[in-house]
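If you use mature numbering (1 follows the signal peptide of the UniProt record, and there is no 0), the sequence shown corresponds to residues -27 to -1, 1 to 194, in order.
Every residue, glycine too, gets a C-beta built ideally from N, C-alpha and C.
Since this is a predicted model, take the numbers as computed values, not measurements.
To start, the structure itself, in structure tokens.
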Amino acid sequence: MGTLYQIALLNMVLYVSLMMNPTNTSSMDLTLGFTELPLNTTNFDHHKPYDLPVTERYSFTDGVHKLWVYSTDKPLSQNSTTRPRSEIRIRGYDYSSGVWQFEGQGFVPNGTSGVCIMQVFGADPPRATTLMVRAYNDSLKYYEAPILVPNIWGRWFQLNVIHDVEASNVKVYFDRVQVYEATGHGGYSHYFKFGVYTQNDPSYYMESQWKGIKVLKNVHE
């Protein structure tokens, strides 16, 4: 517990110090060395409770994806043991090598907690994911710990995730500031997802909103 607390505290101090220095935040261009790949509606595959139409848990208005779910909802399929979700799985850009990047403007409303809002899917068993960014009680976390960023409810933010497959490395950026770096978890194939996927200790209602979704690939790969 002491170690996790120290890691969380260091991440919070780092984030605050970087945010108070405009040079650090404005000078980091995360697109350098990357090329943006084309996205359209055919790349967005919606995962939702099996007994509901998409429109009951998803809307797209003025360029904003709104995804919501209730903790009492059904899982993805009738025989699934997974928890309720309303997510978009990005198709067409599954990858097994190279350096890939997800970018999106995210919003988590007050009260949403115990939910994954973005993930890099794919890992060596028994794991299923290389990364989960979760919302717990007004903070974003790497899985359940450590805290990546506090005080995220009710405001728009930019989330970037860079996954280097060969280096087995994943980096998380909040408003263009690096807030975490972790080792990968293997896996042959990967893809990006965003939305809401119920985790432990969830709120009854969970929601996230997204706009400006991008998938980028390192041009040197």
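- With 16 or more neighbouring CB atoms inside 10 Å of its own CB, residue 168 falls in the buried class.
- The way I'd put it, the region 111 to 128 doesn't touch the region 45 to 59; fewer than three beta-carbon pairs between them come closer than 8 Å.
- For residue 72, the uninterrupted beta strand (DSSP E) segment begins and ends at 72 to 80.
- Remark: C-beta atoms of residue 163 and residue 65 do not approach each other more closely than 8 Å.
- Contact annotation, residue 108 with residue 141: C-beta distance approximately 26 Å; criterion of less than 8 Å not satisfied.
- Excluding the 5 residues flanking it on each side, residue 76 has same chain C-beta neighbours closer than 6 Å at 133, 187, in chain order.
- The beta-carbon separation of residue 158 and residue 97, rounded to 6 Å, stays under the 8 Å limit for a contact.
- When the alpha-carbon of residue 149 is set against those of 13, 174, 20, 79, the nearest one is in 79.
- Under the three-state reduction of DSSP output, residue 27 falls in the helix class.
- Look at residue 14 here: in three-state DSSP terms it is helix.
- Our two residues, residue 170 and residue 16, have alpha carbons roughly 19 Å apart in a direct line.
- Ranked by Cα distance from residue 25, the first of 5, 51, 8 is 51.
- Here residue 83 carries a coil assignment [DSSP, helix/strand/coil].
- Secondary-structure assignment with DSSP links residue 180 through a beta bridge to 41.
- With 16 or more other Cβ atoms from the protein chains shown falling within 10 Å of its own Cβ, residue 175 counts as buried.
- In chain order, 27, 31, 61 place their CB closer than 7 Å to the CB of residue 19, counting only its own chain and leaving out the 5 sequence neighbours on each side.
- Rounded to the nearest whole angstrom, the C-alpha separation of residue 6 and residue 70 is 16 Å.
- In the structure shown, residue 192 adopts coil according to DSSP, grouped into three states.
- When rounded, the separation of the alpha-carbon atoms in residue 45 and residue 68 is 33 Å.
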